[in-house]
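Report on one structure; see the data block that follows.
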Amino acid sequence: MIFDINFVGLIIASIMASAVPLILASCGELITERSGVLNLGVEGMMIIGAISGFALMTVTGSLFIAVIGAMLGGVLISTIFAFLTQTLITNHVATGLALTIFGIGISAMIGKNFVGIPGKEFPVLFKSLKDTIPFLSPILFGHSIVFYFAFALPFFTNYFLKKTKIGLIVRAVGDSPESASNQGINVKLVRYSCILYGGAMCGLAGAYLSMIYTPQWIENMTGGRGWIALALVVFSTWNPIKILIGAMIFGGLTIIQFHMQAIGVRIPVQFLTALPYIVTIVVLVVISRDSRKIRLSTPSSLGKSFYKDN
Amino acid sequence: MKLLQKNLVCLWEEEKLIKIVKRNQPSRAIFFLTPVLAIFLTLFAGGLIFYILGFKPFEALKFFFIVPIADMYGLSELLLKATPLCLIAIGLSFCFKSNNWNIGAEGQLTFGAIVSGGVALLFYNQEGFYILPIVILAGAIGGMLYASIPAILKTYFNTNEILVSLMLVYVSKLILDYLVVGPWSNPEGFNFPETRQFSYSARLPLLFEGLRIHAGIFLALAAVVVSWFIFYKTYLGFQMKVSGFSLKTAKYAGYKGKKMIILVFLISGACAGLAGVGEITGPIGQLHREVSPDYGFTAIIVAFLGRLHPVGIIFASLIVAITYLGAETAQIFMQIPKYTGQVFQGMILFFLLASDYLLFFKIKFTGLKK
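Line by line, the protein sequences give chains L and S. FYI, numbering that gives the first Met the number 0 numbers position 59 of the first sequence as 58, with every residue one higher than the one before it. FYI, numbering that gives the first Met the number 0 numbers position 14 of the second sequence as 13, with every residue one higher than the one before it.
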């Protein structure tokens, strides 16, 4: 049964599904970091997105409103971060941590009344094509629209950063806010926008978890995915296409543990659960060892505040 | 009315009424006053949240911040929670002062608890004065070992310490879970996820009968004194301060950067490990699944709120400890969700960071020019 070609296709599809939140959050954070802002609040923004999406879905019954609302939830909470770091010039790391702590607390508070409520079924696209082609059709068809969006996003992001003028501006602001500012670019505005965009993507990533991947609200349900998304950005050396590869590896690790348990591999379950975290550390070490490469690809002003004296 | 509006716009445009001016030097008075301001702002915002949730704000705040510490038992509980927060925050202040972002104290606490718990279990059927010191030492070493991972990876492999230390938190909790469910679980424990009870010699003595406060508080106080001495009376403290202000300056001055990074991580790991010892050898006396209600993360807030100053950290740990107790009391008496505690903690840090603006900028009221 394991060597059935369709089964392999299904496994790949499930790996891709578990990679979706990572891709969304990492691509959002990548834009934020490219503008020179280090937002460590990914986990907090994701969990806010997860609860906003689920709560709105339960209350309004509209999936559309829920998804948009989750993104707005992410935007709203990232506005706090943007205001603090950009207008009040606070430390990025500390503010990001506060955002995560606050986000987890607020989401649990809002989510208290939504525990145990079953989610709704999210419509999938190309359902009729699901059994047409062996191996390929479970990979290509029968997924939610967020799924397709997530796999297109790295390419869009890449195009945006490399081929568009706004993308160039974002990179310029991240690499040298002083020169960008001297060129007449409003650094604050660019950074605000990038932070809010990152918030929207993290919100969407959270909504995917609570509405599509495991349609229910569980306290703390992001379970460190936000931090793995942050690590993925470093792993990708700030290149959106590589995020895709990284997210697939981590998605694979998550899925493999289920299958290893299913076929009865005698490894304690806790070790398998710890695997993604351990692999993240190992991957980070391997990537960062070459300090020159990291220095070349890191946005030069990452995590540094910019203050223009008028 | 229109005239007034026009005047105001005029005033605003020429920035005559209110002016924001950069200070030449951060203000020292404000440095210690802003934490107080942040606490008041948090109380205000908290009252607002309670109001939105449909509770009477003053009553809710009373149940949150006053009722839990109104009797001896409450005070003892306050000190019980403040002890690990203070210990960990003292350790973290070494890291934060020197620009090292160790945010995995929770993991170091857990690993310290695992190692000291393991040692305590070795002596489970023995009594003797030598057991407790060994158990405490084991906890400190466990925390140091765990903190050395991000430190070594940072110094020799250029790896981001924030992400590594955080990932290790998840790993440590899973190791603990594996041990208390599997090999270390109490053979007579009906499969509960907990170990045997430690022998009395492996436990920190309780200070008063009927109260849960234990001798661990002396560990925290010792850490306060020692850290104060190191910060302000030794060359190492000076080096840390310089590296915190500017890594370049530290490099020019010829400080051994790598050695210091490892040292501050080891110190903060040891403190977190000791906090872990206190959690398991105090009133509980065994290892179980949840050694710490996120003390390691909350201590980050405590360290900042205390301005990385040992004495400030004592006050900050007491204040933040109330949010733990308050959340419980408010839940019991008013059905306020217990996560409000975490929300308060996040808000304190937000407001503290925000009010730091006043450190660097002055708001000048220049008055109306007639």
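All C-beta atoms in this analysis are idealised placements derived from N, C-alpha and C, irrespective of residue type, glycine included.
{"Query": "Three-state secondary structure (DSSP) of S:L205", "Result": "strand"}
{"Query": "Helix, strand or coil at S:H287 [DSSP, three-state]", "Result": "strand"}
{"Query": "Validate contact between the stretch 149-162 of chain L and the stretch 179-186 of chain L using beta carbons, cut 8 Å, 3 pairs", "Result": "no"}
{"Query": "Min CB distance L:V284 to chain S below 9 Å", "Result": "yes"}
{"Query": "Opposing strand residues paired with S:K361 [DSSP bridges]", "Result": "S:V20"}
{"Query": "C-beta neighbour in chain L for S:L78, strict 9 Å", "Result": "no"}
{"Query": "Proximal residues of chain S, C-beta to C-beta of L:V92 below 8 Å", "Result": "W100, I161"}
{"Query": "Where the alpha helix (DSSP H) through S:P34 begins and ends", "Result": "27-51"}
{"Query": "Closer than 9 Å to chain L by CB, S:V180", "Result": "yes"}
{"Query": "L:L128 and L:G8 closer than 9 Å at C-beta", "Result": "no"}
{"Query": "Alpha carbon of L:M0 to alpha carbon of L:F6, nearest angstrom", "Result": "Any answer about L:M0 is weak, because its pLDDT of 48 lies below 50 and its placement is not dependable; what the coordinates show is given next. Roughly 7 Å separates the two Cα atoms."}
{"Query": "Where the alpha helix (DSSP H) containing S:S226 begins and where it ends", "Result": "215-232"}
{"Query": "Contact under 9 Å by Cβ, L:I286 with L:I10", "Result": "no"}
{"Query": "Partners in chain S for L:M108, counting only beta-carbon separations shorter than 7 Å", "Result": "P336, Y338, T339, V342"}
{"Query": "S:E278 (DSSP reduced to helix, strand or coil)", "Result": "helix"}
{"Query": "For S:E193: DSSP bridge partner residues", "Result": "S:H287"}
{"Query": "The alpha helix (DSSP H) enclosing S:E187, as first and last residue numbers", "Result": "Looking at the DSSP string, S:E187 is not in any alpha helix (DSSP H), and its letter there is neither H nor E."}
{"Query": "Euclidean distance between Cα positions of S:L47 and S:F62", "Result": "15 Å"}
{"Query": "Cutoff 9 Å: S:N157 Cβ touching any chain L Cβ", "Result": "yes"}
{"Query": "Rounded Cβ spacing between L:S300 and L:I88 (contact assumed at less than 8 Å)", "Result": "Going by Cβ atoms, the distance from L:S300 to L:I88 rounds to 13 Å, so no, they are not a contact pair."}
{"Query": "Residues of the stretch 210-230 of chain L with Cβ closer than 7 Å to any Cβ of chain S, in chain order", "Result": "G223, W226, L229, A230"}
{"Query": "Check: L:P133 C-beta below 8 Å from any heavy atom of the ligand MG", "Result": "Although the ligand MG was asked about, the structure shown includes no ligands whatsoever."}
{"Query": "Own chain partners of L:I168 with C-beta closer than 8 Å, once the 5 adjacent residues on each side are dropped", "Result": "A179, I184, V189"}
{"Query": "Limits of the unbroken alpha helix (DSSP H) element including L:W216", "Result": "No alpha helix (DSSP H) contains L:W216, which DSSP labels as neither H nor E."}
{"Query": "Under 8 Å from the C-beta of S:Y356: neighbouring residues of chain L", "Result": "L87, I88, T89"}
{"Query": "Supposed contact pair L:R33 and L:G225 - C-beta distance, whole angstroms, cut 8 Å", "Result": "About 18 Å separates the two Cβ atoms, so there is no contact after all."}
{"Query": "Cβ-based neighbour list, L:A81, same chain, cut-off 6 Å, excluding 5 preceding and 5 following", "Result": "Y191, I194"}
{"Query": "Rounded straight-line distance, which links the Cα of S:A119 to that of L:M70", "Result": "49 Å"}
{"Query": "Interface partners of L:I296 on chain S, CB under 9 Å", "Result": "Per the sequence shown, the amino acid found at residue 296 of chain L is Ser instead of Ile. What L:S296 touches in chain S: nothing, since even the nearest Cβ is about 13 Å away."}
{"Query": "At least 3 beta-carbon pairs within less than 8 Å: the stretch 85-97 of chain S vs the stretch 258-270 of chain S", "Result": "yes"}
{"Query": "Listed by chain order, chain L residues near S:L218 by CB distance under 7 Å", "Result": "By Cβ distance, chain L contributes nothing, its closest Cβ being about 26 Å from S:L218, past 7 Å."}
{"Query": "Contact check, S:I335 vs S:P67, beta carbons under 9 Å", "Result": "no"}
{"Query": "Collapsed DSSP secondary structure at S:K337 in the structure displayed", "Result": "coil"}
{"Query": "L:P298, buried or exposed, once every other Cβ within 10 Å from all chains shown has been counted against 16", "Result": "buried"}
{"Query": "CB contact check: S:D176 to chain A, cutoff 9 Å", "Result": "Given the protein chain composition of this structure (L and S), no chain A is represented."}
{"Query": "Three CB pairs or more closer than 8 Å across the stretch 201-213 of chain L and the stretch 15-30 of chain L", "Result": "yes"}
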